[in-house]
Amino acid sequence: MKRNLILLLLGLPLCCLAQIDLSGDWKFKTGDDLAWSRAEFSDSDWKTIRPSNIWESQGYENYDGYAWYRIHFKLPASLKDNAYLKDSIRVLLGRIDDVDEVYLNGEKIGQTGHFPTEKGGYITAWDAPRRYVIPGNHPALRWNTENTISVRVYDGGGGGGMFEQAERSISFVDLIDYIKLDASQSPYDFSPKWSIKKKIFLENKYPKAIDGELITEVFTHKNKIKPDWKAQVNITVKASENLPCPITFSSQERARVRFTFKEKNTGRTRTVEQETPYILTPPEGSMPQINNPDAFGARPGVPFQFTIAVSGKQPMQYTIKGLPRGLKLEQQTGVISGMVNTRGMYSVTITATNNVGSRSKIVNFVIGDNICLTPPLGWNSWNCWGLSVSDAKVRSSAESMIKSGLARHGWNYMNIDDGWEAAERDAKTGEIKTNDKFPDMKGLADYLHRMGLKIGIYSSPGARTCGNFLGTWQHEQQDAQTWAGWGIDYLKYDWCSYDLIAPDKSLPELKKPYEVMRAALNATNRDIVYSMCQYGMGDVWEWGEEVGGNLWRTTGDINDTWESLRDIGFIQHKSSAFSRPGHWNDPDMLTVGWVGWGDHLHQTRLTPSEQYTHISLWAMLSAPMLIGCDLSRIDDFTYNLLANDEVLAIDQDALGKQATQALKKDDYQIWVKELADGGRAIGIFNLSDEDRKIDVNWSELGLKDYKKVRDVWRQKDIGKFGKTFSTEVYAHGVTLVKLY
Ligand code: GLA
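Here the sequence shown stands for residues 782 to 1521, numbered as in our numbering.
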């Protein structure tokens, strides 16, 4: 709900507004004309647009280049009267993909990023929050009458324009704006059980102390209006202080907590509301449990590497039966490597033994043309480190992948995204080189391989990558050979500036660069998983397999918000039919844990329930799962999300059938996935903002013969349900069950 509407509902007169809301519809036009900055310009024939979503999702599909947004609003002088500090005015505009400049009544008041026409050329700033500050007496301000903000935007490729459900407003910078209330720096600590400890931080960036009240309210499932628990304390935050405020409360179930700081002089508040994390995955057992999927594909005559993934009490001993000629097992790491020359299916029995017991599993090594028989599981640098990825960061992430225990659950690929490339190719040979952040790519690959991990790399078929690094254009064969020489196992090939080479985006144009690289990869002596990244253009799922992709992105980039997760995850039914072993739809990488697309990481903005939805839905979609967070900061909750073997088994199911959307209601959806053992996985997703009970009628989903229900996250059989099943699902959360 809009903020000024809330104030009106409370019966407050307009005179007391503390800010003007700019989050409603804006006027919009593609193209570029500086006359559109002027207040007098009439935009009455322009279309309207929501600032919370990129323009591609609002009727401007595939549009890159310039466009303008405009909004009109009245600026009551009372805004100034009510402010305690009157020095400056702040305009918040959420985020804008990629570059923007902002005009207030025709006068430029700020810019973020660089337009292509500027000295130094185009620099994207798609991820930067737009916050513009002007003096409180700026001559462009028109008090008590209409004002216009015009925003000139340039989109350099991919998604474009304003996006994100963020605060968009204009207000005086007041005392409360110098206070940062941060509830994301410390985890919820659950010991002893359900006695919850949490530290929040109040930071004061004003040169004088700020007084106020810190209010904590805890709401449980049954009680959403009146808090079950409330505490209020008076607080003074000194100048430049970042004050830790420890809070302890108890709750017998998952709860919502609201932290509010109320500034004394103005009564204005800062509020953060959070859902407390809740752990569903049972603790790991001590018996060995082999977590590799049932099938693994490799080509004949090229290096082979497979790592046995076993959870349970360490150390572990392995024995193998039925290994094809040319392969050997390394006891220390559980890595099977070598080379198989003869095509065929080899049923290999792996036995893992520790001092508690022994377990075996048959894995089929399928030596032929198809690799990537189950969706890749691993890590990618982009959603955490963005362009600041480095050798050191990849190494420490790999160490955490092993140390945390995640590798034992099947996570294997360590993929370097954009940002590893040198500015120039080798002057003599034309070979692509790494930049200073990656002193020895081959050394890094060897290091990861020795740990039983695999290594991925990134490039673009265009001359430049999306991050404006060097691309592969006209060096396809050469780059593929270079990567193979380094020991690369996975390539993400990202369209980006190929727009300049194929501006029409006809189907043959869309296919061509991917075919060229496929041929180049085929000519190498390595199994390189081929990940096509072109944001779903031309319904890529219909021809991704034909051009030899092992996976292809079906949408634009994901971020760590519910809107992004929902808008990407729940439209994947369109591509369901095209996913099968060796060829997967890719709805983009995971956004759980500490993410940030650069050096400043933050805890994911997804609520715990949304994170369960994320992992459950991706598993249902047979999606490649690439963890996008700093692995050295995995807490118990995030680990619980990523190390649930029954959930991962749904993703890694050897049948390779993607879930279909069996039921779609306004505020909930049910997805059904067929499994190799004849069972069905069912995801019951609550898309509404409220916790709710969902009744499921099996026959409505076309299911008759299944009766036994297993709660997948809790790894527990929950009984027989002949015709109907009823479940409580948290807001934006999921109940994931298996029927058999
Ligand atoms: C595009 C891709 C992202 C990431 C960046 C790197 O935006 O979709 O996943 O690879 O480029 O610049």
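Note that CB positions come from ideal geometry on N, CA and C, so glycine has one too.
Report all residues from its chain with a CB closer than 6 Å to the CB of residue i; omit the five preceding and five following residues, and keep chain order.
i, result
"residue 1370", "1161, 1164, 1407 and 1409"
"residue 884", "818 and 931"
"residue 915", "870 and 890"
"residue 954", "869 and 871"
"residue 786", "For residue 786, the pLDDT reaches just 36, beneath the cut-off of 50, and the residue's location in the model is therefore unreliable, leaving the point undetermined."
"residue 789", "At residue 789 the pLDDT is 36, less than 50, meaning the model places this residue with poor confidence; the figure from the coordinates comes in the next sentence. Closer than 6 Å at Cβ, skipping near neighbours: no residue."
"residue 947", "875"
"residue 1352", "none"
"residue 1364", "1326"
Can you have a look at residue i and say buried or exposed, based on whether 16 or more other CB atoms are within 10 angstroms of its CB?
i, result
"residue 1467", "buried"
"residue 1093", "buried"
"residue 1471", "exposed"
"residue 1194", "buried"
"residue 815", "exposed"
"residue 782", "Here residue 782 scores only 33 on pLDDT, less than 50, and its place in the model is too uncertain to base an answer on."
"residue 1531", "For the chain, the structure presents residues 782 to 1521; residue 1531 sits outside this window and is missing."
"residue 1383", "exposed"
"residue 1063", "exposed"
"residue 1192", "buried"
"residue 976", "exposed"
"residue 1190", "buried"
"residue 864", "buried"
"residue 1209", "exposed"
"residue 1434", "buried"
"residue 1507", "exposed"
"residue 1288", "exposed"
"residue 1517", "buried"
Where do the N-terminal and C-terminal ends of the beta strand (DSSP E) with residue i fall, by residue?
i, result
"residue 916", "910-916"
"residue 993", "991-1001"
"residue 1396", "No beta strand (DSSP E) holds residue 1396; the alpha helix (DSSP H) holding it covers 1389-1401."
"residue 835", "That residue, residue 835, is in no beta strand (DSSP E); it is neither H nor E in DSSP."
"residue 1418", "Segment 1417-1423 is the alpha helix (DSSP H) holding residue 1418; no beta strand (DSSP E) there."
"residue 1099", "1098-1102"
"residue 1467", "1461-1467"
"residue 881", "880-885"
"residue 931", "927-936"
"residue 1489", "1489-1492"
"residue 893", "888-893"
"residue 1151", "Careful: residue 1151 lies outside any beta strand (DSSP E) and carries neither H nor E."
"residue 1507", "1505-1510"
"residue 807", "807-811"
"residue 943", "942-953"
"residue 1473", "1473-1478"
"residue 1026", "1023-1031"
"residue 1518", "1515-1520"
"residue 801", "800-802"
"residue 982", "976-985"
First and last residue of the alpha helix (DSSP H) that includes residue i?
i, result
"residue 1165", "1163-1166"
"residue 1178", "1172-1184"
"residue 1426", "1426-1432"
Closer than 7 Å: is that where the CB of residue i sits relative to any heavy atom of the ligand PLP?
i, result
"residue 1255", "No copy of the ligand PLP occurs in the structure displayed; its ligands are the ligand GLA alone."
Ignore the nearest five residues each way along the sequence and tell me which others in residue i's own chain have a CB closer than 8 Å to its CB.
i, result
"residue 1097", "1069, 1091, 1115, 1133, 1134 and 1135"
"residue 1293", "1283"
"residue 1101", "1110, 1117, 1129, 1130, 1131 and 1132"
"residue 980", "966, 967, 1025, 1026, 1027 and 1028"
"residue 1399", "1350, 1368, 1371, 1406 and 1432"
"residue 1138", "1068 and 1069"
"residue 1521", "1458, 1459, 1460, 1461, 1487, 1489 and 1491"
"residue 824", "808, 810, 817 and 851"
"residue 1245", "1251, 1252, 1277 and 1278"
"residue 1171", "1218 and 1219"
Hey, is residue i's beta-carbon within less than 8 Å of any beta-carbon in chain D?
i, result
"residue 1242", "You won't find chain D in this structure, because it holds only one protein chain."
Excluding sequence positions up to five away, which residues of its chain have a Cβ less than 7 Å from the Cβ of residue i?
i, result
"residue 1299", "1311, 1328 and 1329"
"residue 1305", "1261, 1262 and 1265"
"residue 1017", "990 and 992"
"residue 1361", "1437"
Pick out the complete alpha helix (DSSP H) segments inside the region 1217-1294, 4 residues or longer, and give them in chain order. The region 1217-1294 contains these whole alpha helix (DSSP H) runs: 1222-1231 and 1257-1267.
What residue ranges within the region 1296-1356 form continuous beta strand (DSSP E) runs of no fewer than 3 residues, ordered along the chain? Fully contained in the region 1296-1356 are the following beta strand (DSSP E) runs of length 3 or more, in chain order: 1310-1314 and 1332-1334.
In the region 819-876, which residue ranges form an unbroken alpha helix (DSSP H) of at least 4 residues, counting only runs that do not cross its ends? Unbroken alpha helix (DSSP H) runs of no fewer than 4 residues, entirely contained in the region 819-876, are found at 859-863, following chain order.
Please give me, in chain order, every unbroken run of the beta strand (DSSP E) with length at least 3 that falls completely inside the region 1038-1104. Scanning the region 1038-1104 for uninterrupted beta strand (DSSP E) segments of 3 residues or longer gives 1050-1056, 1076-1079, 1084-1088 and 1098-1102, listed from N- to C-terminal end.
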